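Undergrad:
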Amino acid sequence: MNAYAVSHMMVVGKRSRAIVSFLPLMVAALLLGGCASFHLPAPHSRLEPLDPQDKFLLEKKVNDARYLSVDGFEHLKVNRALLEQVELYDEQTTLEAKKSFVAGFLREAAALNDRVIVNAAARLTDEELAAFLATVPNEANIFDDEPDFDVDVAGDTPQQRFVNGYRKHAAEEFARELNGFLSLQTREKVDAYWQKLVASVETSIMSKGRAMRMVATGPLVPFVYAWIWYHAETDDRSAHAPDFLLRTVYSPEPLPAAADPAQLGGDWALLEYYAPVLVQEHRENPGYAPSIDRFGEVWLDGSPSSTVTPHVNTDKPAVYAYVDRKRIQGAVTRQLVYTFWYPEHPKLHTFDPEAGRMEGWTLRITLTQDNRPLLFESVSNCGCYYKVFPAARLEELSCAEYPEKLAEKTFHLENSLPGKIDAVVPELVDMAGDPTQKVVLYYSAGKHQLVTVRPAAALSDADRRAENRTYRLLPYEVLENLPLGAYHHSLFDEKGLVVEAHRPECLLLTPSGLFHAGHPRQRNTQMIYFDQAEFDDNQLLENYLRLPSQAFSQR
C-alpha cells in the first residue's frame, strides 16, 4: 500500500457490517484489473519495502509461514502450490499466452494475500487493532471516492475496519499493477517482468538464515555433520513387527455403505474413505503420565497478546486431514494427508534431546488417477524419521521396468542419491487383492515411532480384542485457526513452529544450519533427512525413488 493509502486507513462506522461487505470490490478488481492508467516499468520495483499495515502484522508475529511475501509487490503472497506453477511459464510460447499466464498468477497471489490478511487480523485483539488504527490520520474519508458505498461499509469493529481498509487499498494497488503489466507489448518485457517477480519471492523459512547459523557456530560444524552421517549410516531400515502387550485401537467414525473410491470426486469423501486405523502401544509402568501415549484434539490457552500454550485433549481422539495436489510424472496427483498429535514427547533418559511439549506424526497416501493408494509415506511432524511404504503393486511395476536392484537395496524402486541420505523403505504394503482397503499404523509407546504399516485385513486377534476408540476426522486448517477466548490463534507461530514446543535438540543441531531441528512444525514447512529435502517438494518421489513410467498418471 502507498503513502496515500496509509493516511486514509481508519473509519469509524455507524452501523455494523460484516467484513465481506467490501469483498465485491476486491473481487471486481481481481477479475477486471481496474480502469486506472498506469505505465509500469518492467521489471517493476517499489520504493517502500513494507507499508505500515504489513509491518504491523510482521511485528505482531501473526503471519503464516506457508505464505511468502514478494519484495516490491506487497499486495501479493505466494505459497508452495503457486510456486510450483512457475515451471509452467516456459511452456507459454506466444506473447498472449505469457501475459495470460502471468495475469492469472498475479490474481491468485492477490487472493492469497487477502486470505493471509483476514486470518492475521482474526488473531489480534480489538485493542491491538484499535491502537494501530489510532495512529493513522484522516480516518473519516477512506471511502469518499466510492459512490457505490457509504462510510459504513468499512464496518464498526477494529477488525472489520482494518481488513476492509486493507482490502480497498490492496484492490487499488492490484488494479494499477495488473494494468501496468498488461500494457507491456513485447515478449522481452514480459519475460523481464516475470523474472523480476519470481526473483522477488522471499526465501522460505526452511532455508533462510542457514549460512549464518553455521558461521555463528563454526567450530562445532564438523562434529555435528559427522554425527549426522553416523546417524544416517546406522539408521535402522528393516521391517518390524508390532509386538505390543498393551494397545488401543483407534478407528475413524464408521461410514455408510461402501462406495468405489474411483467414483468419489470430493476431497473430504476420499479422506474419510481412506482414514487409517491407528494402533497405539501402552506400557504398564511407563514412568510418565500414561495419557502421553494417547492423541487427541488440540486446544490453546493463554492470551494472543502474550503467551499461548498448546494442549491435547486425549479424551477426544482426533486426526487432522487435508488433500494436497502435486504434479508427479507430469500428472496432477492427489495426496491424502493425515496428522495427529500427542501431548508431548516424554523424557525417556537422563538427557533426552527429543523431549518436549507436543509431538505428532503425518501419514501421506499418494493415489493413482482412479483413487487407488500406491504409496504411503510417514514422517514425524518435525520432519524426522521419514519412511516410505510402497504398495506391493508399485514394486511389481518397478521390477518390470528396473529388473536389477541397485547395490545394497532391498527393493527395485529404491534409488541411490550420491551425497544424500537415501529414502528409508522398510517394507511393502500388500493390499491382498483389495487395493481400496484402509491401512493400519502401529505406533510405539514413549518414543511414538511408527513400527509398521499393514492393510486393515491384517488386523490381528489381539488388535480386535484390544480397547477400541473412535476418533474424529477434522480439517487440518482447524489447527491454524484454533479458538482462543474471543479470538483465534494458530497452533504455529510465524515461522511455522508449534508454539511453546522448543526442545534441547533444536539447540544441539544448530551448528548444522538446521532450523529448529526436532521442533514440530506446520504443513508445507517440514524438511526431511536433516534438511536435505522438503517433504512437500513435488519432485520428492521422483528423486528418491525409481518410479516406473507413468505409475501415477495411468488409471
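Under the working numbering, the first residue of the sequence shown is numbered 126, with each subsequent residue one higher. The C-beta atom is built at its ideal place from N, Cα and C for all residues, glycine as well. Owing to the predicted nature of the structure, the values given are computational and were not obtained by experimental measurement.
Work out the CA separation of Lys321 and Leu672 for me, nearest whole Å.
TA: Cα to Cα, the separation comes out at about 35 Å.
Undergrad: Three or more beta-carbon pairs under 8 Å between the segment 487-507 and the segment 526-535, yes or no?
TA: Counting Cβ pairs under 8 Å, fewer than three are found: no touch.
Undergrad: For Leu622, which option in Leu665, His641, Asn304 and Gly610 has the closest C-alpha, if you only look at C-alpha atoms?
TA: Checking every option, the nearest Cα to that of Leu622 belongs to His641.
Undergrad: Whole angstroms is fine: what's the gap from Leu216's alpha carbon to Leu598's?
TA: One detail in the question is off: residue 216 reads as Glu in this sequence, not Leu. Spanning the two alpha carbons is a distance of roughly 40 Å.
Undergrad: Around the C-beta of Arg286, are 16 or more other C-beta atoms found within 10 angstroms, so that it is buried, or is it exposed?
TA: Arg286 is buried by the Cβ-count criterion.
Undergrad: Can you tell me the Cα-Cα spacing of Ala245 and Ala234, whole angstroms?
TA: Spanning the two alpha carbons is a distance of roughly 16 Å.
Undergrad: Val315 to Lys224, Cα distance in whole Å?
TA: Using only the alpha carbons, I get a separation of about 7 Å.
Undergrad: From the DSSP output, in three-state form, read off Val315 for me.
TA: Helix.
Undergrad: In the segment 520-580, which residue ranges form an unbroken beta strand (DSSP E) of at least 3 residues, counting only runs that do not cross its ends?
TA: List check, beta strand (DSSP E) in window: 564-568 and 575-580.
Undergrad: Applying the criterion that 16 or more other CB atoms from any shown protein chain within 10 Å of the CB defines a buried residue, is Asn663 buried or exposed?
TA: Answer is buried; the Cβ neighbour count reaches 16.
Undergrad: Identify, in the order they occur along the chain, each residue of the same chain with its Cβ nearer than 8 Å to the Cβ of Arg450, setting aside the five sequence neighbours on each side.
TA: Result list for Arg450: Ala206, Val457, Thr458, Arg459 and Gln460, in chain order.
Undergrad: Report the rounded CA-to-CA distance for Ala570 versus Leu488, giving the unit in angstroms.
TA: Going from the Cα of Ala570 to the Cα of Leu488 covers about 18 Å.
Undergrad: Kindly indicate which residue of Tyr601, Arg191, Glu479 and Gly558 has the alpha-carbon position closest to the one of Lys620.
TA: Residue Arg191 is the option with its Cα nearest to Lys620.
Undergrad: Pairing CB atoms from the segment 575-589 with CB atoms from the segment 425-444, are three or more of them under 8 Å?
TA: The segment 575-589, when compared against the segment 425-444, does not touch it at the 8 Å Cβ threshold.
Undergrad: Taking the continuous beta strand (DSSP E) assigned at Asn438, which residues delimit it?
TA: Residues Val433 to Asn438.
Undergrad: Tell me the DSSP secondary structure of Gln405 in three-state form.
TA: Reduced to three states, the DSSP call for Gln405 is strand.
Undergrad: If I follow the unbroken alpha helix (DSSP H) through Glu233, where does it start and stop?
TA: Looking at the DSSP string, the run of the alpha helix (DSSP H) that includes Glu233 is Leu220 to Ala247.
Undergrad: Under 6 Å Cβ to Cβ from Asp555, same chain only, skipping five residues before and after it: list those, please.
TA: Result list for Asp555: Ala517, in chain order.
Undergrad: If I follow the unbroken alpha helix (DSSP H) through Asn289, where does it start and stop?
TA: Taken as a continuous stretch (DSSP letters only), the alpha helix (DSSP H) holding Asn289 covers Pro283 to Leu307.
Undergrad: Is Asn289 buried or exposed, if buried means 16 or more other CB atoms sit within 10 Å of its CB?
TA: Buried, since its Cβ has 16 or more Cβ neighbours within 10 Å.
Undergrad: Would the C-beta of Ala480 count as close to the ligand COA, meaning under 6 Å from any of its heavy atoms?
TA: Only the bare structure without any ligand can be found here, which leaves the ligand COA out of the picture.
Undergrad: Bridge partners for His644 per DSSP, in chain order?
TA: DSSP, once it has assigned bridges, lists no residue as partnering His644.
Undergrad: Going by CA-CA distance only, name the one from Pro401, Leu632, Leu183 and Asn668 that's closest to Pro478.
TA: Nearest of Pro401, Leu632, Leu183 and Asn668 to Pro478, Cα basis: Leu632.
Undergrad: Take Met483 as the anchor and find which of Thr577, Leu193 and Gly421 has the nearest alpha-carbon.
TA: Nearest C-alpha to Met483: Gly421.
Undergrad: If distances are taken between C-alpha atoms only, which option among Val448, Ala394 and Leu371 comes closest to Pro411?
TA: Checked all of Val448, Ala394 and Leu371; the closest Cα to Pro411 is Leu371.
Undergrad: First and last residue of the alpha helix (DSSP H) that includes Phe660?
TA: Segment: none, Phe660 is in no alpha helix (DSSP H) and carries neither H nor E.
Undergrad: Give me the Cβ distance between Glu605 and Asp189, rounded to the nearest whole Å; I'm assuming they're in contact under 8 Å.
TA: Confirmed, Cβ separation roughly 7 Å.
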